[in-house]
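K.L.:
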Amino acid sequence: MSPSCAVSDPHDVTWIREPAHEPLDDNDAALKAIREMIKSGRRAPLVELLKRWDPVDVMQLLTRLRLKQARKLFQWLPANPSIKVVAELRPEFRSLLMEESTLEQFRDILAGLDPEDAVEILNEFPDDVADELIARLLDVEEIGTRGSYADDTAGRVMARKFVALPEDCTAGAAVAQMRAEADRIRKVFTVYVTDAAGRLTGTVEVGKLLLAELDTRLGDLMNRDVIAVSADTDQEEVLRLARKRDMRTVPVVGGDGQLIGRVTPKQLTRIASDEANEDMLLMSGVSAEARSDDTVLRIVRGRLPWLLAGLVGASIAATVVGSYEDQLAEAAILAAFIPVTMSMAGNAGLQASAVAVQGIATGALWSGDILYRLLKELLAALFNGAVAGTLLGLLVLSASFVVPLDAPLRLALATSLSLLCVTTLAAMVGATVPIVLDKIGIDPAMAIGVFITSSNDVLGVLIFFLMATTFYLG
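Sequential numbering of the sequence shown, starting at 1, is according to my numbering.
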């Protein structure tokens, strides 16, 4: 157990890390001091004190306070770093969040807050913790509604707080309304314009609104070319749209076109981080749900399928090599070039697929320029393959002066051409497969890693032996 950092404060409050389900009497003095600070409304010094505490200790404190005080302290605490970020970095913090006593305390805290505030706070939690809390708060209508949306959708991450006004509202009245809503909606970038039924008809940027004459109608100011997403839109698609259209916030509408929420800049940043982490795990051949504190069974369940898929690919490549047993027996030197060919195929495929996945994720890869980009990949792969093949051929010829080689010129030609073909084909496979997967609704990041590496290993070995049989052994 390690004590938290003390601060220069009249109460000089410190906290000692508590074992699971074992409150320590040594923390009673700290609890008493903090309760007095909450009761007397000393927010600034208390927040300053807790900023220096370890997040795990702060969470333990919240579970030890009486509900009313815990709720007030939780509202006082600064938003950054978010609970979700800390949970990703600290396995012990995530474990504490999932403890029954912590979940019960947070259920009671959230149940006593304004539903809109509670939903925003839930967005700060890791998904598994948020799901547990939602299940305990289904009787709160707005929180239960959040739980009705599928994971990783706009409805799951949207904020329900926004400024929506009718077209007849004036700029002056809109500014007054923004001021009135300032405490409830801390940051407003866009004012939404709706009709009598609450359907979204336009948007007005705050900067434009502030510069307008006070008696100007919002209907005359608004941008009617409004872009919105439905609540069941995948969050990655929301992020792609926001980047493509340079949108700071993305409005979310229901099935009848009514405005029901907005995806804020903070959530867009979090989506980008989540998607990047998911893609990184998938590209490494690991389940997207993998966490550093996973149990052994969960680790095995998340990784074994990918390893078995790699085993299948490697077995096919081994079968191809075995089918050329006679050629290897006739010229054992060919075996020395198998790892060279497989490595070049894997590297070329990974490079091309990584660029394709990045382009799809950022929205930089459009349907209209796919053929152009594939042509560029082809030309670049041909050039890279020609350079690599030439160097390998020269290396073979140079080695023939030191090591006796049978028909070194033909061997150099066979290895050079195989490297040219392998590099080109692997790059085209790597560039094309992510695009195809994206078109059929599969995460293109799955193309990187096991799939690309295994398929290019098989193709690389097959091409190598075809070239060797044709130009060296033929």
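Even glycine gets a Cβ: it sits at the ideal position worked out from N, Cα and C.
Using three-state DSSP, classify serine 400 as helix, strand or coil.
P.N.:
Looking at serine 400 - three-state DSSP - the assignment turns out to be coil, as it is neither helix nor strand.
K.L.:
In three-state terms, what does DSSP make of aspartate 234?
P.N.:
Residue state, collapsed to three classes: strand.
K.L.:
Please give me, in chain order, every unbroken run of the beta strand (DSSP E) with length at least 3 that falls completely inside the segment 145-194.
P.N.:
The segment 145-194 contains these whole beta strand (DSSP E) runs: 164-166 and 190-194.
K.L.:
Leaving out five residues on either side along the sequence, give the residues of the same chain with a beta carbon under 6 Å from the beta carbon of leucine 50.
P.N.:
Counting only Cβ-Cβ distances below 6 Å, and skipping sequence neighbours, we find Val58.
K.L.:
Taking buried to mean at least 16 other C-beta atoms within 10 Å of its own C-beta, is arginine 64 buried or exposed?
P.N.:
The residue is buried, with at least 16 neighbouring Cβ atoms inside 10 Å.
K.L.:
Measure the alpha-carbon distance for leucine 297 versus leucine 103 and round it to whole angstroms.
P.N.:
About 24 Å.
K.L.:
Using DSSP's beta-bridge definition, name the partner residues of proline 251.
P.N.:
Paired residue(s): Arg262.
K.L.:
In the DSSP assignment, find the beta strand (DSSP E) that holds leucine 200 and state where it starts and stops.
P.N.:
Here the beta strand (DSSP E) through leucine 200 covers 200-205.
K.L.:
Count the other C-beta atoms from every protein chain shown that fall within 10 angstroms of the C-beta of glutamate 330, then say buried if there are 16 or more, exposed otherwise.
P.N.:
Under this definition glutamate 330 is an exposed residue.
K.L.:
Just curious, the alpha helix (DSSP H) that tryptophan 53 is in, first and last residue?
P.N.:
First-last for tryptophan 53: undefined, no H or E at that position.
K.L.:
According to DSSP, is valine 229 part of a helix, a strand, or is it coil?
P.N.:
If DSSP states are grouped into helix, strand and coil, valine 229 belongs with the strands.
K.L.:
Once DSSP output is grouped into helix, strand and coil, what is the label at serine 416?
P.N.:
Note: serine 416 maps to helix in three-state DSSP.
K.L.:
So what does DSSP say about proline 81, is it helix, strand or coil?
P.N.:
Below a pLDDT of 50, predicted positions are generally treated as unreliable, and proline 81, at 47, falls in that range; no measurement from the model is reported.
K.L.:
Between alanine 43 and the rest of its own chain, which residues show a CB-CB distance below 7 Å, the 5 nearest in sequence each way excluded?
P.N.:
Note that residue 43 is arginine in the sequence shown here, rather than alanine. Excluding sequence neighbours, arginine 43 sits near Trp76.
K.L.:
Would you report the Cα separation of methionine 351 and serine 418, rounded to the nearest angstrom?
P.N.:
With the sequence shown as reference, residue 351 is identified as glutamine, and methionine is not the correct amino acid for it. Whole-angstrom Cα-Cα distance: 19 Å.
K.L.:
In angstroms, rounded to a whole number, what distance separates the CA positions of isoleucine 134 and valine 157?
P.N.:
Roughly 13 Å separates the two Cα atoms.
K.L.:
In whole angstroms, what separates the C-alpha of leucine 506 from that of leucine 382?
P.N.:
Any question about residue 506 goes unanswered here, given that the chain covers just 1 to 474.
K.L.:
Per DSSP, arginine 71 forms a beta bridge with which residues?
P.N.:
DSSP, once it has assigned bridges, lists no residue as partnering arginine 71.
K.L.:
Evaluate leucine 307 with the Cβ neighbour count: other Cβ atoms within 10 Å of its Cβ, from every protein chain shown; 16 or more gives buried, anything less gives exposed.
P.N.:
Its Cβ having fewer than 16 others within 10 Å, leucine 307 is exposed.
K.L.:
In this structure, does DSSP put methionine 467 in helix, strand or coil?
P.N.:
Three-state DSSP puts methionine 467 in a helix.
K.L.:
Please report the residue range of the alpha helix (DSSP H) in which serine 323 lies.
P.N.:
Its alpha helix (DSSP H) spans residues 296-323.
K.L.:
Smallest Cα separation from glutamate 99: which of Leu62, Leu31, Thr470 and Thr319?
P.N.:
Of Leu62, Leu31, Thr470 and Thr319, the residue nearest in Cα terms is Leu62.
K.L.:
Would you report the Cα separation of leucine 200 and glutamine 358, rounded to the nearest angstrom?
P.N.:
If I take the Cα positions, the gap works out to 32 Å.
K.L.:
For the candidate residues Ala407, Gly441, Ala468 and Leu395, whose alpha-carbon lies nearest to that of cysteine 421?
P.N.:
Among Ala407, Gly441, Ala468 and Leu395, the Cα nearest to that of cysteine 421 belongs to Ala468.
K.L.:
With glutamate 36 as the anchor, note down where its alpha helix (DSSP H) starts and where it stops.
P.N.:
28-39 is the span of the alpha helix (DSSP H), which, as asked, contains glutamate 36.
K.L.:
Quick one, are the C-beta atoms of isoleucine 260 and glutamine 235 less than 7 Å apart?
P.N.:
Their beta carbons are not under 7 Å apart, which means isoleucine 260 does not touch glutamine 235 by this criterion.
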